[in-house]
Amino acid sequence: MKYYILFGPPGAGKGTQAGAMVETWNLCHLSTGELLRAEIAAGTPLGLQAKALIDAGNLVPDEVVEGMIESKFNSVKDVNGFLLDGFPRTTAQADALGAMLERRGESLSGVVSIMIPDAMIYDRIRHRAEIEGRADDASDAIVRNRIDTYHAKTEPLISYYRARGLYHEIDGTGTIDEVRARIFALLKTL
Ligand code: AMP
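Using the numbering used here, the first residue of the sequence shown is number 397, and each one after it goes up by one.
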């Protein structure tokens, strides 16, 4: 089984690029943000607990997302691997993922990082807000908090995975097709 992490700041285009990747390589797309939004929409206790944190642009507790990921690893069949999108977001989550994979006798195939400058994050998220209507895209203050959270808690994962020889960065600027071509060229090597 392949285990890829799709990494990058909010608005880098992870969700947009994931569709073609999972189709071409027969992967299961696991977006913790999407899974959490589904819990909120279904009104589950977990969704209710997560909603206030998500709407404010804060992270939900590590154990919550770790549990969601592990249950998907256990239940999803008939795929060549998993594309993790928006997970891990902290070094504690990365450690937990490493332990989960070790228990399964598996290992990470690579981190595909889509990088864009902060200035472009705002433009991309404003554009997405018009299309998707996500509450956490609606205000500049909440977007600023998500970017700050990314720099403080998630960016350390770059050196974490670089030290393990698993980090691969591609330029996320340009058209969707251009970025997809860069990702596909990289994935063929991982
Ligand atoms: P995303 O769709 O990846 O932008 O995630 C939307 C929101 O869901 C984030 O701003 C967090 O509040 C929450 N979230 C998603 N993934 C995680 C994660 N791995 N750890 C903690 N919170 C998460």
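By construction, the Cβ of each residue, glycine as well, lies at the ideal position given by its N, Cα and C atoms.
Beyond the five residues adjoining it in sequence on each side, S505 comes within less than 6 Å, by CB distance, of K398, Y399, Y400 and L586 in the same chain, given in chain order.
Contact fails between the segment 535-551 and the segment 421-440, because fewer than three Cβ pairs, one in each stretch, are under 8 Å apart. Under the DSSP assignment, S427 falls in the beta strand (DSSP E) whose first and last residues are L423 to S427.
In this structure, ligand 1 has a non-hydrogen atom nearer than 8 Å to the beta-carbon of I450. L493 carries a helical assignment under DSSP once its states are collapsed to helix, strand and coil. Assigned with DSSP and collapsed to three states, F478 falls in strand.
In the structure shown, V508 falls within a strand segment according to DSSP collapsed to helix, strand and coil. With 16 or more other CB atoms across the displayed protein chains lying within 10 angstroms of its CB, K410 is buried. Beta bridge pairing from DSSP links Y400 with L479 and G506. For E528, the three-state secondary structure derived from DSSP is helix. In terms of side-chain proximity, the C-beta atom of K468 is found no nearer than 8 Å to any non-hydrogen atom of ligand 1. Contact check for M511 against I566 passes: the beta carbons are separated by less than 9 Å. Taking 9 Å as the cut-off, the Cβ atoms of A408 and R520 count as close. Distance from the Cα of N476 is smallest, within the candidate group E502, G570 and D458, for E502. Counting only the Cα atoms, L423 lies some 26 Å from R530. Annotation for G453 indicates a beta carbon within 8 Å of some heavy atom of ligand 1.
Cβ contact annotation for M464 (same chain, cutoff 7 Å, sequence separation greater than five): T428 and L431, in chain order. Annotation: D533 is outside any alpha helix (DSSP H) and is labelled neither H nor E by DSSP.
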